[in-house]
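Take a look at the structure below.
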Ligand code: 5RP
């Protein structure tokens, strides 16, 4: 997020709307990215017990505000996870992972009862896939996985100089046909060497806060 981010005001509006879903005493699952950063800035306004962070970057920001960080293994099921997305469709399926935090995001989302996705209106799509799918891969499997993706019609790009929080690499993959998000999620899960990827269908959003010129719209899936 920069001062010139043309969507900053919308991201801030979506984040402000998300505050009303946060209950006193909660341990909140917190996503990653510029929209989530807007939410983190507002968290001192609510009285959470603490947070489970979806990335080291988010954890650092939360700690800087004095918010207690919990290990997911200590807390079990979370009531609420709030995150952004790179794309979201009419069913709450998403592409995430532009920031490279997709694996921990998917884990925290899976361990949460309710997923609120905050987006500006540029993220809404009829069909997922214009934004590349970030595929986190064990370093040794990079070439093998890339060949498998090409065989499926994908166009994988190695995210140069980027290492995930888990020490893995990312293949940003264009041109995948995501007509059926659940099916694509399963197919990608089945490639040996893939740790996780940015198609979120099993962990789709329950509610979307969509910010546009006319304000913030709430959409339940
Ligand atoms: C990070 C993510 C983010 O949620 C996604 O990239 C959206 O980020 P932003 O709010 O900066 O547009 O999945 O891994």
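Residue numbers (my numbering): 214 to 434.
Glycine included, every Cβ here is placed at the ideal spot set by N, Cα and C.
Predicted model only: the values in this text are computed from it and were never measured.
{"Query": "Mind checking residue 215: buried by the 16 CB within 10 Å criterion, or exposed?", "Result": "Confidence at residue 215 is low in this model, with a pLDDT of 48, below 50, so its placement is unreliable and the value that follows should be read with caution. Label assigned to residue 215: exposed."}
{"Query": "Report yes or no: do three or more beta-carbon pairs, one from the region 239 to 248 and one from the region 220 to 230, lie closer than 8 Å?", "Result": "yes"}
{"Query": "Excluding the 5 residues preceding and the 5 following residue 417 in the sequence, name in chain order all residues of the same chain whose CB lies nearer than 6 Å to its CB.", "Result": "305, 306"}
{"Query": "Just reading off the beta strand (DSSP E) that residue 258 is part of, what are its end residues?", "Result": "That residue, residue 258, is in no beta strand (DSSP E); it is neither H nor E in DSSP."}
{"Query": "Using a threshold of 7 Å, is the CB atom of residue 296 nearer than that to any non-hydrogen atom of the ligand 5RP?", "Result": "yes"}
{"Query": "Determine the direct distance from the alpha carbon of residue 379 to that of residue 253, and round the result to whole angstroms.", "Result": "23 Å"}
{"Query": "Considering Cα atoms alone, identify which of 277, 266, 281 is closest to residue 260.", "Result": "281"}
{"Query": "Helix, strand or coil: how does DSSP classify residue 369 here?", "Result": "strand"}
{"Query": "Quick one, which of 332, 429, 372 has its alpha-carbon nearest residue 295's?", "Result": "332"}
{"Query": "Quick one: is residue 274 buried, meaning 16 or more other Cβ sit within 10 Å of its Cβ, or exposed?", "Result": "buried"}
{"Query": "Cα-Cα, which of 389, 350, 361 is closest to residue 406?", "Result": "350"}
{"Query": "At what residues does the alpha helix (DSSP H) containing residue 395 begin and finish?", "Result": "394 to 402"}
{"Query": "Quick check: does the Cβ of residue 309 come within less than 7 Å of any heavy atom belonging to the ligand PLP?", "Result": "Inclusion of the ligand PLP in the displayed structure is not the case, the ligand content consisting of the ligand 5RP alone."}
{"Query": "Taking all protein chains shown into account, do 16 or more other C-beta atoms lie within 10 angstroms of the C-beta of residue 361, making it buried, or fewer, making it exposed?", "Result": "buried"}
{"Query": "Between the region 284 to 292 and the region 233 to 242, do three or more beta carbon pairs fall short of 8 Å?", "Result": "yes"}
{"Query": "Can you say whether residue 381 is buried or exposed, counting buried as having 16 or more other CB atoms within 10 angstroms of its CB?", "Result": "buried"}
{"Query": "If I measure Cβ to Cβ from residue 472 and keep anything under 7 Å in the same chain, skipping five residues before and after, which residues do I get?", "Result": "Beyond the ends of the chain as shown, which are 214 and 434, falls residue 472; an answer cannot be given."}
{"Query": "Figure out for me which residue from 356, 335, 421 has the closest Cα to the Cα of residue 218.", "Result": "335"}
{"Query": "I need the DSSP call for residue 218, collapsed to helix, strand or coil.", "Result": "coil"}
{"Query": "Would you give the residue range spanned by the beta strand (DSSP E) that residue 430 belongs to?", "Result": "428 to 433"}
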